[in-house]
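**Q** Numbered according to this note's numbering, the sequence shown spans residues 5 to 376. Positions of the beta carbon are idealized from the N, C-alpha and C atoms, including for glycine. Treat the numbers as computed from the prediction; the structure is a model and nothing was measured.
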Amino acid sequence: MKPLGLGAIGSGEIAINSIFKHLELHDTDDKVFLAAVCDPVEGRAQSMAEKYGIRSWYMTDDELLADPAVDVVSICSPIRFHYEQGLKAIRAGKHVHFNKTMAMTSAEADELISEAERMNVKLTVSPGMMGWRANRLLRKAYLEGSFGQVTYAFGGVRGVLRYHLREEYRHDNYGSEPLIPTWYYKLPDGGPQYDHAPYGLTSITGILGPVKRVSCMGGQLQKEFRFGEKVIQSEVDDNFAFLLDFGDNVFGLFFSALAGGKNMFTPNIYGTDGNYIDGKLNDKALFDNPYAAFSIKGIPPQHMKLPEPHVYGDMMQLIDAVQFGDRPIASAEQGRHVLEIVEAGFESMRTGRCIELRTSFTPLSLEELQDD
Ligand SMILES: NC(=O)c1ccc[n+]([C@@H]2O[C@H](COP(=O)([O-])OP(=O)(O)OC[C@H]3O[C@@H](n4cnc5c(N)ncnc54)[C@H](O)[C@@H]3O)[C@@H](O)[C@H]2O)c1
5 MKPLGLGAIG
15 SGEIAINSIF
25 KHLELHDTDD
35 KVFLAAVCDP
45 VEGRAQSMAE
55 KYGIRSWYMT
65 DDELLADPAV
75 DVVSICSPIR
85 FHYEQGLKAI
95 RAGKHVHFNK
105 TMAMTSAEAD
115 ELISEAERMN
125 VKLTVSPGMM
135 GWRANRLLRK
145 AYLEGSFGQV
155 TYAFGGVRGV
165 LRYHLREEYR
175 HDNYGSEPLI
185 PTWYYKLPDG
195 GPQYDHAPYG
205 LTSITGILGP
215 VKRVSCMGGQ
225 LQKEFRFGEK
235 VIQSEVDDNF
245 AFLLDFGDNV
255 FGLFFSALAG
265 GKNMFTPNIY
275 GTDGNYIDGK
285 LNDKALFDNP
295 YAAFSIKGIP
305 PQHMKLPEPH
315 VYGDMMQLID
325 AVQFGDRPIA
335 SAEQGRHVLE
345 IVEAGFESMR
355 TGRCIELRTS
365 FTPLSLEELQ
375 DD
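#1: Could you name each continuous beta strand (DSSP E) segment of 3 residues or more that falls completely within the segment 273-316, going from the start of the chain to the end?
#2: Starting from Leu247, trace the beta strand (DSSP E) in both directions and tell me its first and last residue.
#3: Per DSSP, what are the beta-bridge partners of Ala261 in this structure?
#4: Between the segment 168-182 and the segment 208-227, do three or more beta carbon pairs fall short of 8 Å?
#5: Going straight from the alpha carbon of Arg230 to that of Gly275, what length do you get?
#6: So Ala39 is in the beta strand (DSSP E); what residue range does that whole segment cover?
#7: Under three-state DSSP, which class holds Pro202?
#8: Mind checking whether the beta-carbon of Gly16 lies closer than 7 Å to any heavy atom of ligand 1?
#9: Taking the straight line between their C-alpha atoms, what separation do you get for Ala111 and Ser118?
#10: Hey, Thr206 and Val215: beta-carbon distance below 8 Å or not?
#11: Going by DSSP, which residues form a beta bridge with Ser60?
#12: Just the Cα atoms here: how many angstroms apart are Val346 and Glu233?
#13: Go ahead and pull the three-state DSSP assignment for Ile184.
#14: For Leu370, which three-state DSSP category applies?
#15: In chain order, what residues of the same chain have a beta carbon less than 6 Å from the beta carbon of Ser81, not counting five sequence neighbours either side?
#16: Report buried or exposed for Asn253, applying the criterion of at least 16 other Cβ atoms within 10 angstroms of its Cβ.
#17: Is Asn103 near ligand 1 - that is, is its Cβ less than 7 Å away from at least one heavy atom of it?
#18: Measuring CB to CB, does Gly159 end up less than 8 Å from Ala73?
#19: Whose C-beta lies closer than 6 Å to the C-beta of Leu165 among residues of the same chain, with five residues either side of it excluded?
#20: Please tell me whether, using a cut-off of 7 Å, the distance from the CB of Glu312 to the nearest non-hydrogen atom of ligand 1 is below it.
#21: Work out the CA separation of Phe269 and Tyr203 for me, nearest whole Å.
#22: Whose CA, out of Phe365, Val77 and Glu17, lies closest to the CA of Thr186?
#23: My output table needs one value for Lys25: the three-state DSSP class, helix, strand or coil.
#24: Skipping 5 residues on each side, what residues in its chain have a beta carbon closer than 8 Å to that of Pro131?
#25: From what residue to what residue does the alpha helix (DSSP H) around Gly349 run?
#26: Just checking my contact of Ala107 with Leu285 at CB under 8 Å: how many whole Å lie between their CB atoms?
#27: Among Tyr56, Leu127 and Glu54, which one has its Cα closest to the Cα of Gly90?
#28: Establish whether the CB of Ala39 and some CB of chain D are separated by less than 8 Å.
#29: What first and last residue would you give for the beta strand (DSSP E) that runs through Met221?
#30: Compare the Cα-Cα distances from Gly152 to each of Asp277, Arg137, Val125 and Lys35 and report the closest residue.
#31: With three or more C-beta pairs closer than 8 Å as the rule, is the segment 245-264 touching the segment 130-149?
Written out as structure tokens, the structure reads:
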């Protein structure tokens, strides 16, 4: 099969780090090549094309989608554009990799999934956390009964609003204006819920399965952030605590916090006959080497050394789904479920109610984990 042409919609931090730097290694040229990039900021797409050898550059997504060399797109724009751009791409017959989240609402995600079926195109949705070695081993341990009856899991994410101010790439100008991360602090798509919570929520649901009900408390702690000399007025809530009901009286506690101890992308898990706490499964270290926890299925060492290897992995799963029919780990159905948890969190905050979820997904089976 001939290599697929990839188009990046948006050429900011994630496009550079998860796509351009990885495809620049040219070790997967038989599968995929950089066909096009678009970005509405004057000079940015052009400078990316020149720097990374991308065949064509455009100012608009419509021009990129009209390019016959583009078979597959990765949506790397701010989250508020994902639904509209994803829908246009699907209707143009392109396969789509979404950065998280795939849309702003689960109803929009429904439409994306059904349109993709109608158009017979494939989707993957980052962050596909069940490629991570630690999460796979814990899903396997859970299915094999190593915890006995699970009682609760505890996970969460923290610090992302400060992290985006420190991303070193933002201070280069790439032939255009600096990549100031203002949108991360503005409504409707800023804040840690859409951008950061999906990491931990994808892991906790990938290990224990879909959630049935959600309640959440949250609000704003910090009103102003600084990117160098620039002051960014924040419009977003930045500190959240979730209670997740997995059914049958199994619960999850999940934080999405402005600051805190550490990211728990992989949750601690407690049960009647065992537990997983901070790297140890029933008191035994899961890995000899702490970095092994972050190794990702199917990602070779040369890519693990680069930034954002998991996002690169989710994009490559799409290529493999198109070329070989593989079931992607970073599935659209799980992406939609995680999005519904985020959405339900906001509804719970507004109403003070516990919200029933309607979406689900099929988590990894023991058979799919047999080589782990
Ligand atoms: N920064 C990270 O650490 C990180 C990691 C993983 C995933 N993501 C996700 O990647 C996506 C992009 O984040 P980012 O950090 O790269 O943002 P960014 O602000 O660095 O870059 C976004 C780019 O999109 C361009 N853009 C704006 N409107 C556009 C439009 N309508 N069409 C096409 N391009 C448009 C901007 O000009 C900019 O170049 C988000 O979904 C984010 O959650 C970010």
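**A** Taking the geometry as given:
#1: Within the segment 273-316, the runs of beta strand (DSSP E) that reach at least 3 residues and sit entirely inside it are, in chain order, 279-281.
#2: As a working note, residue 247 is residue 243 in the sequence shown. For Leu247, the enclosing beta strand (DSSP E) has its first and last residue at Asn243 to Asp249.
#3: In the sequence shown, residue 261 corresponds to position 257, counting from 1. According to DSSP, which records beta bridges pairwise, Ala261 is partnered with Arg162.
#4: With a cut-off of 8 Å, the segment 208-227 and the segment 168-182 do not count as touching, because too few Cβ pairs lie within range.
#5: Working through the sequence shown from its first residue, we reach residue 230 at position 226. Working through the sequence shown from its first residue, we reach residue 275 at position 271. Computed Cα separation, rounded: 43 Å.
#6: Residue numbering aside, residue 39 sits at position 35 when the sequence shown is read from its first letter. Residues Val36 to Cys42.
#7: Taking the first residue of the sequence shown as position 1, residue 202 is located at position 198. Note: Pro202 maps to helix in three-state DSSP.
#8: Counting from one through the sequence shown, the residue named residue 16 turns up at place 12. For Gly16, the shortest separation between its Cβ and any heavy atom of ligand 1 lies below 7 Å.
#9: Indexing the sequence shown from 1 puts residue 111 at position 107. Indexing the sequence shown from 1 puts residue 118 at position 114. Taking the straight line from one Cα to the other gives about 11 Å.
#10: One-based indexing of the sequence shown puts residue 206 at position 202. One-based indexing of the sequence shown puts residue 215 at position 211. For Thr206 and Val215, no; Cβs fall outside 8 Å.
#11: Locating residue 60 in the sequence shown gives position 56, counting from the first residue. Ser60 is bridged to Ala40.
#12: Your numbering for residue 346 matches position 342 in the sequence shown. Your numbering for residue 233 matches position 229 in the sequence shown. Glu233 has its alpha-carbon roughly 32 Å from the corresponding atom of Val346.
#13: Along the sequence shown, one-based indexing puts residue 184 at 180. Under the three-state reduction of DSSP, Ile184 is assigned to coil, being neither helix nor strand.
#14: Here residue 370 refers to the residue found at position 366 when the sequence shown is read from its first residue. In this structure, Leu370 counts as coil in the three-state DSSP scheme.
#15: Translated into the one-based positions of the sequence shown, residue 81 becomes position 77. The residues are Ile13 and Gly14.
#16: Counting from one through the sequence shown, the residue named residue 253 turns up at place 249. By the neighbour-count criterion, in which a residue is buried when 16 or more other Cβ atoms sit within 10 angstroms of its Cβ, Asn253 is exposed.
#17: On the sequence shown, residue 103 is found 99 positions in, with the first residue counted as 1. Taking the Cβ of Asn103 as the reference point, at least one heavy atom of ligand 1 falls within a distance shorter than 7 Å.
#18: On the sequence shown, residue 159 is found 155 positions in, with the first residue counted as 1. On the sequence shown, residue 73 is found 69 positions in, with the first residue counted as 1. Taking 8 Å as the Cβ cut-off, Gly159 and Ala73 do not qualify as a contacting pair.
#19: Along the sequence shown, one-based indexing puts residue 165 at 161. Here the set comprises Asp242.
#20: Reading the sequence shown from its first residue, position 308 is the one you call residue 312. Yes, Cβ of Glu312 sits closer than 7 Å to a heavy atom of ligand 1.
#21: Stepping through the sequence shown from its first residue, residue 203 is reached at position 199. Stepping through the sequence shown from its first residue, residue 269 is reached at position 265. Cα-Cα distance, rounded: 6 Å.
#22: Reading the sequence shown from its first residue, position 182 is the one you call residue 186. Closest by C-alpha distance to Thr186, out of Phe365, Val77 and Glu17, is Glu17.
#23: In the sequence shown, residue 25 corresponds to position 21, counting from 1. It is helical.
#24: Stepping through the sequence shown from its first residue, residue 131 is reached at position 127. Hits under 8 Å: Lys104, Pro202, Tyr203, Thr206, His314, Val315, Asp318 and Ala334.
#25: Taking the first residue of the sequence shown as 1, we reach residue 349 at position 345. Taken as a continuous stretch (DSSP letters only), the alpha helix (DSSP H) holding Gly349 covers Ala336 to Thr355.
#26: Working through the sequence shown from its first residue, we reach residue 107 at position 103. Working through the sequence shown from its first residue, we reach residue 285 at position 281. Contact doesn't hold; Cβ gap of about 35 Å is too wide.
#27: Residue mapping note: residue 90 aligns to position 86 of the sequence shown, counting from 1. Ranked by Cα distance from Gly90, the options Tyr56, Leu127 and Glu54 are led by Leu127.
#28: Given the protein chain composition of this structure (a single chain), no chain D is represented.
#29: As a first step, residue 221 is located in the sequence shown; it is residue number 217 there, counting from the start. Arg217 to Gly223 is the span of the beta strand (DSSP E), which, as asked, contains Met221.
#30: Within the sequence shown, the letter at position 148 stands for residue 152. Gly152 has its Cα closest to that of Asp277, out of Asp277, Arg137, Val125 and Lys35.
#31: These segments do not touch.
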